[in-house]
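Taking it in order: structure first as structure tokens, then the write-up.
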Amino acid sequence: MKKITTVVALCFLIGTSAYAQKKMTRTGEVKFEASMPSFEEIAANTKTASCILDETNGDFVALILVKSFKFKAPLMEEHFNENYMESSKFPKATFKGKIINFDKSKLNGPKTPYELEGELTIHGVTKKIKTKINLELKEGKYNVTAAFIVKAEDYKIEIPNLVKEKIAKDIDIALLFTLE
């Protein structure tokens, strides 16, 4: 009986320590802005993005449900999901990558910049991206911020000619995660 208890306790401790090296959230915020001057604001955000950081190697993964983006105008949200993003066909956007030269022990000050490289999948199309990411380790939690630009055409998102001039070619994306 002692052997079984010892084995179970050991498995639990190994599993717990392996899990402890991964920080995550399911309440991350992602914003995008595709507005053009003199036209209606085209911006949305979600506060239900998921993200995991593996502290041992810098692996960084994020998942966003496309339908979770909220707009000021419900009609714009409907067009975004049905006509542009086809969210019933492509329900999620994902990022899988690595924080280059990640070292938890080197985190100092309010923000430590790193390079983030990986593959971003939107609308069923995967592209390699490289961007800056800022990390702050405070009370065992990582505050993570990043910003980058995507182009709708790179992800085969078709914009009708009628509204093409009202939507920015460069779409600004901003990430804000608190990983525990």
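If you read the sequence shown in our numbering, its first letter stands for residue 85, the second for the next number, and so on.
In this text, a Cβ means the ideal position worked out from N, Cα and C, and glycines have one as well.
None of these values were measured; they are calculated from a predicted model.
State whether the stretch 241–257 contacts the stretch 124–131, with contact taken as three or more CB pairs (one from each stretch) at a distance under 8 Å.
yes
Note down, in chain order, each residue of its chain lying with its Cβ closer than 7 Å to the Cβ of K182, except the 5 sequence neighbours on either side.
G142, D143, F144, E201, G202
At what residue ranges does the stretch 119–162 contain a whole run of the beta strand (DSSP E), taking only runs of 3 or more?
127–138, 143–149
Using three-state DSSP, classify E242 as helix, strand or coil.
coil
Boundaries of the beta strand (DSSP E) in which P197 is found, first to last residue
196–206
So I213 and Y198 are in contact, right, with Cβ under 8 Å, and what is the actual spacing, rounded?
Not a contact, Cβ separation roughly 14 Å.
Assign T111 to one of two classes, buried (16 or more other C-beta atoms within 10 Å of its C-beta) or exposed (fewer than that).
exposed
Hey, would you say T262 sits closer than 8 Å to K225, going by beta carbons?
yes
I'd like the list of long-range same chain contacts for C135, defined as Cβ closer than 6 Å, with 5 residues on each side in sequence excluded.
T109, G112, A146, F261
Using a Cβ-Cβ cutoff of less than 7 Å, which residues in the same chain neighbour I251 once the five nearest sequence positions on both sides are dropped?
A118, M120, I126, I243
So, helix, strand or coil for E117, using DSSP?
strand
Once DSSP output is grouped into helix, strand and coil, what is the label at N185?
coil
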